[in-house]
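Novice: Structure below; questions to follow.
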Amino acid sequence: MAPEANGNDALMFSRLLGGALHPFLQVGFGVEFGQDYMVAQGLGMAAVTSGETAKFVLDMPSGLPQIANTSKGVTLLALLREVYDSPVLKPVMPYEPNAMGSTRFQKLIQNPDRGAELKRIYAKWSIDTTLTGPASDAEFASKAEECLWQATILLAATGRPNRAPRLDFFLMHVLTSALCIHSLLRILPDPVHKAQLLQGYARTSALFVLLRGRPRVNVPLFMSYTAFPRPPKHAAPGGRDALGDPLKEGETNAWLAMLQNALHHKDAHVLKVLRMLYYCAERYGGTAPGGAIGARDGEGKETHVGTGEMDGTVFVRAAGVASDTLGWVAYGGTEGHWDQSALGWDAAWEGEEKANL
């Protein structure tokens, strides 16, 4: 976050967040596992990644996000609602089904008001950098938790009623990279740098929402997905000496089969998604309905329809959707695929037959 690494168009932080967050991921995993060579690879990747998103999501000329240093502010879920409601940030028309991500970005930035609007909204996400000790740790842990919850519902709750779930390829990277936040926060001693990391990630997540046509979260639909995902029934039920029936809903640990399945996927993204969701389930899986940070605003109203009923089962539900969509390959299933349609546009769903769900 040093000025000399970001001013004068060096823009290293912007580059770290570029390339579909791959430099961010590489550095984050390197830090988590203590692999210095991976950190070096990630920094090298960042150095050759375009920094063109800086003017859209970061503050210039510093190339870093400004921090609202107040003790109270709105949550990420509330800010996502503002993104949805903003007429300035409506999807670029017409919908182009085969457009590359770079093409969508260039069309998005043709109107400079969009970048200004995104920064205006996310400037409200205040992070108190004046705290010290355990209070400071709690502040940053809370902000990281917001990122993890939002990333989960952006990936798994953006489907449409009576349609098979879709998992957007780019929003998937928002989710997998969220797991790196805790590791990176631990190595940054300066609270301002920690806050800049969080702000940069949050704004980049919002950018991906816009690039995918502003897909809206449908929490009631998401919460209708099973909280007891299982692989296809291919084995005999437990014998008379078994404790419970492993094929009966709720009588086995759903994560055992899902993690085993992810280990055998050819696509490493699947394993990273399941790992992140399992991590969240362990930390936040006991959250009561409406207990997620930002589920309700300061007036007690739901930030999104259904968030008042959203609970810690979102992570196992999301993992089940991922396992069903990408395929139970370890249990005789075929490999599925990530969605590349930019599913936020209504036209991306036209022509698809209704699913019998």
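Numbering (numbering that gives the first Met the number 0), first residue to last: 0 to 356.
Ideal Cβ positions, reconstructed from N, Cα and C, are used throughout, including at glycine.
Fair warning: this is a prediction, and the values are worked out from it, not measured in the lab.
#1: Determine the direct distance from the alpha carbon of Leu-210 to that of Phe-104, and round the result to whole angstroms.
#2: Determine the extent of the alpha helix (DSSP H) in which Ala-346 is found, giving its start and end residues.
#3: Give the C-beta separation of Pro-286 and Arg-295 to the nearest angstrom, bearing in mind that I take them to be a contact with Cβ-Cβ under 8 Å.
#4: Could you check how far apart the C-beta atoms of Val-320 and Pro-164 are, in whole angstroms? I think they sit under 8 Å.
#5: To the nearest angstrom, how far is the alpha carbon of Asn-97 from that of Glu-349?
#6: Would you mind sorting Tyr-200 into buried or exposed? The rule is 16 or more other CB atoms within 10 Å of its CB.
#7: With a threshold of 16 other CB atoms inside 10 Å of the CB of Asn-355, please say whether the residue is buried or exposed.
#8: In or out: Met-99 buried (at least 16 other Cβ within 10 Å) or exposed?
#9: Would Gly-43 be called buried (16 or more neighbouring beta carbons within 10 Å of its own) or exposed?
#10: Here's the rule: buried if 16 or more other CB atoms are within 10 angstroms of the residue's CB, otherwise exposed. What is Tyr-283?
#11: Locate the alpha helix (DSSP H) running through Glu-3, then write down its first and last residues.
#12: Counting only the same chain and skipping the five closest in sequence on each side, list residues whose C-beta sits under 7 Å from that of Trp-327.
#13: Taking Tyr-83 as part of the alpha helix (DSSP H), name the residues at either end of that continuous run.
#14: Mind the definition here: the region 152 to 167 touches the region 126 to 144 only if three or more C-beta pairs lie below 8 Å; say whether that holds.
#15: Starting from the Cα of Glu-138, find the closest Cα among Ile-120, Arg-119, Val-191 and give me that residue.
#16: If Leu-197 sits next to Lys-142, beta carbons under 8 Å apart, how far is it from one beta carbon to the other, in whole angstroms?
#17: Hey, is the region 220 to 230 in contact with the region 76 to 88, meaning 3+ C-beta pairs nearer than 8 Å?
#18: Residues in its own chain within less than 7 Å of Lys-54 by CB, not counting five upstream and five downstream?
#19: Can you look up Asp-58 in the DSSP assignment and give me helix, strand or coil?
#20: Pick out whichever of Asp-35, Leu-20, Arg-159 has its Cα sitting closest to the Cα of Glu-351.
#21: Please state whether DSSP places Arg-229 in a helix, a strand or coil.
#22: Which whole-angstrom value is the C-beta distance of Arg-14 and Gly-50, which I expect to be below 8 Å?
#23: Using DSSP bridges, identify the partner residues of Leu-63.
#24: Nearest by alpha-carbon distance to Asp-167: which of Val-216, Met-0, Asn-7, Ile-66 is it?
Specialist: Answer, in terms of the structure:
#1: Approximately 7 Å between the Cα atoms of the pair.
#2: Unbroken run through Ala-346: none, as it is neither H nor E.
#3: Strictly speaking, residue 286 in this sequence is Thr, with Pro absent from that position. Actually they are not in contact, since the Cβ atoms of Thr-286 and Arg-295 sit about 13 Å apart, beyond 8 Å.
#4: Contact flag correct, Cβ pair sits at about 5 Å.
#5: Approximately 15 Å between the Cα atoms of the pair.
#6: Under this definition Tyr-200 is a buried residue.
#7: Any reading at Asn-355 must be qualified, since the residue scores a pLDDT of 47, below 50, and its modelled position is unreliable; the value itself is stated next. Classification for Asn-355: exposed.
#8: Met-99 should be labelled exposed.
#9: Here Gly-43 is exposed: its Cβ has fewer than 16 other Cβ atoms, across all protein chains shown, within 10 Å.
#10: With 16 or more Cβ atoms within 10 Å of its Cβ, Tyr-283 is classed as buried.
#11: DSSP places Glu-3 in no alpha helix (DSSP H); its state is neither H nor E.
#12: Closer than 7 Å at Cβ, skipping near neighbours: Pro-230, Pro-231, Asn-260.
#13: It spans 75 to 84 - the alpha helix (DSSP H) in which Tyr-83 sits, taken as one unbroken run.
#14: Short answer: they don't touch.
#15: The closest CA to that of Glu-138, considering only Ile-120, Arg-119, Val-191, is found on Val-191.
#16: Rounded, the Cβ-Cβ distance is 5 Å, consistent with contact.
#17: No: fewer than three Cβ pairs fall under 8 Å.
#18: Excluding residues within five positions, the ones whose Cβ falls inside 7 Å are Gly-114.
#19: Strand, per DSSP.
#20: It is Arg-159.
#21: Three-state result, Arg-229: coil.
#22: About 5 Å separates the two Cβ atoms, so the contact holds.
#23: Paired residue(s): Asp-58.
#24: Proximity to Asp-167 across Val-216, Met-0, Asn-7, Ile-66 peaks at Val-216, based on C-alpha coordinates.
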